[in-house]
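Just below is one structure, and these are the notes that go with it.
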Amino acid sequence: MRISASLTRRFILFLCFLVSINLIAQNVPPSITDPEELRATQIERQKVFDSIIEDPTNLENLFNYANLSILVGDLEAAIGVFEQMLIYKPDLPRIKLELGVLYFRLGAYASAKRYLDDVENYDPPQEVKEKVDVFLEQIDNETRLFKTQSVVSIGAGMSSNANAGLDTDVVTVVGDLGAIDLNISNKPKSDLYYTAAFSSQITQDLRHPRGDTINYVVSLSRQVYRDFSNFDSSTGVFSVNRKFNMLDDEKLKLTNQSFTPSLTAFKVFLQGSELLRSHRVDVDWKATLMDSGTFGLNVYLDERDFLGSQNKTGDFIGVGLSRSVIFPKSGIFLSYKTNYEHFYATSPIETYIKRSFDVSTRQALNSTTFATTNVGYSYKDYEEKDPFLGLRSDKALNLRFGLTKIIDLCWNADMGLSFSTNKSTIGLYARSNEGFSVKFNYLCTP
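Just remember that the numbering used here sits 27 ahead of the position in the sequence shown, which is counted from 1.
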């Protein structure tokens, strides 16, 4: 095919303009991580560009320049070159496939779909068709207005203190009436329990340039004991949040910032009767730091209504901080959370301040198995003393060691061994428990 001189000149001018704004541009991270190798690739890219100036219709040089642009993360330059190549040869299915993939990586799904759909008009090989179908399916998922993800879980476990018993014969309480010894007959007893849970999240794409979403979450759970049926419980939760994705802060080196206000309501039933209801408002801010870890801030207000005891009804005001770090050499993911909350109860003797600390780790043992640990500590100080029992202060320690196994694309299993103890200045509230649990989870993504 003959190329006119005017078209050649226009193409050279286009390339000069393209390079003037994109020669050192980077619109995605480079696929090359070594600085020296990246520098060498950029030098080679410049050499190829110089050869294009001399022979702008050489498709091999154009293709090499586009591939080098992809390596250094300049996808827009690669797209510009590929689209100009189609001016010379409109019937290049390989180039249209590359354009479809590049537009997909940039999130321009309409343009990506246009090129990928066109590839099938050239009767491509089966492996190319399969690749195109994969991308078209992903584009369909990404451009769907509503996306749904559901999890179904079933499990069982053993609790060493299923009846919330006290491991002592006598508890001494000291109130305004002096010291009183209470004989304890409710000793700890073990029991098996069974669990079932369902949760579903619907994500609404707001078609915002930064990818903002609204998320609706429904969760239902049930726990049943073999012997102590008076502790059988059910929980229902509904939550909605609006996620605002924010611009990166170059000065503070913060990326992937998000601001998420949310509303949550839940109810707890004991033996079929409503025990507790809650209405909660949260505001979360989260960002990724230079070390690829995250930092988060959470502020919340929680209105609790204990139907069985109005003295315990009241409002929580709390603030929490979270931090996560990834250690590449060991493959350990470490997260830390600290929380401060003030509960204002209807009765002054039920009003308290609680401080809690939580450290979790996760490490891959192989491609499908992960080991987890969790250590939680909290202390709770009540502001006024009970005239009969005295002033209450609790300290709680919880340990959990877990193992997660990915069975296939949809199923995974989780096993856990837990230890907990709660010490209190009022012996009636001192408890300890050991437990073992197994849970199977099925993840459904339509």
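Backbone N, C-alpha and C fix where the C-beta goes; we use that ideal spot for every residue, glycine too.
On a predicted model such as this, the values are computed, not experimentally measured, just so you know.
Identity of the residue in the options nearest residue i by Cα
i, options, result
"Asp266", "Asp275, Met273, Val308 and Ile344", "Here residue 266 is Ser; the residue named in the question, Asp, does not match the sequence. For the residues Asp275, Met273, Val308 and Ile344, the minimum Cα distance to Ser266 belongs to Val308."
"Leu302", "Thr373, Arg234, Asn213 and Gly335", "Gly335"
"Gln231", "Cys437, Val346 and Phe271", "Phe271"
"Arg66", "Ser227, Tyr409 and Val99", "Val99"
"Ile353", "Thr68, Arg389 and Trp312", "Arg389"
"Glu330", "Asp342, Val178 and Ser212", "Asp342"
"Arg237", "Asp275, Ser459, Gly127 and Thr68", "Asp275"
"Val402", "Ser445, Leu430 and Ser374", "Ser445"
"Pro215", "Asn91, Ser459, Arg249 and Cys471", "Ser459"
"Met442", "Thr315, Lys466 and Tyr252", "Lys466"
"Leu193", "Ser464, Phe463 and Ala457", "Ala457"
"Arg249", "Val146, Tyr404 and Val179", "Val179"
"Ala224", "Ala191, His235, Thr195 and Ser260", "Ser260"
Euclidean distance between Cα positions of residue i and residue j
i, j, result
"Thr396", "Ile376", "47 Å"
"Ile453", "Lys412", "11 Å"
"Tyr221", "Phe286", "37 Å"
"Lys156", "Pro83", "31 Å"
"Lys432", "Asn188", "28 Å"
"Val310", "Gly263", "22 Å"
"Gly107", "Ile122", "12 Å"
"Ile241", "Leu233", "7 Å"
"Ile434", "Gln73", "48 Å"
"Ser357", "Leu392", "10 Å"
"Ser305", "Arg171", "33 Å"
"Leu361", "Ser351", "6 Å"
"Leu219", "Asn468", "20 Å"
"Pro57", "Ile97", "8 Å"
"Ile181", "Ser289", "28 Å"
"Phe428", "Ser212", "32 Å"
"Ala105", "Lys278", "30 Å"
"Ser186", "Asp167", "46 Å"
"Ser226", "Ala440", "17 Å"
"Thr472", "Ser177", "7 Å"
"Gln228", "Tyr243", "6 Å"
Reduced DSSP secondary structure (H/G/I, E/B, other) of residue i
i, result
"Lys174", "strand"
"Ser420", "strand"
"Gln53", "With a pLDDT of 46 at Gln53, under the threshold of 50, the predicted position of this residue should be treated as unreliable, though the coordinate-derived value follows. Reduced to three states, the DSSP call for Gln53 is coil."
"Leu392", "coil"
"Pro375", "helix"
"Val128", "helix"
"Leu113", "helix"
"Arg121", "helix"
"Ile70", "helix"
"Pro288", "strand"
"Arg237", "coil"
"Gln165", "helix"
"Glu81", "helix"
"Asp194", "coil"
"Glu64", "helix"
"Leu281", "strand"
"Phe258", "helix"
Within-8 Å CB hit, residue i to chain C
i, result
"Asp342", "Of the chains in the structure shown, none is chain C; there is only one protein chain."
Burial state of residue i (16 or more Cβ within 10 Å)
i, result
"Arg419", "buried"
"Asp254", "exposed"
"Leu416", "buried"
"Gly134", "exposed"
"Asn88", "buried"
"Leu86", "exposed"
Legend entry - Contact between the region 362–371 and the region 384–393 (3+ Cβ pairs under 8 Å): yes
Legend entry - At least three beta-carbon pairs within less than 8 Å, the region 442–452 to the region 412–426: yes
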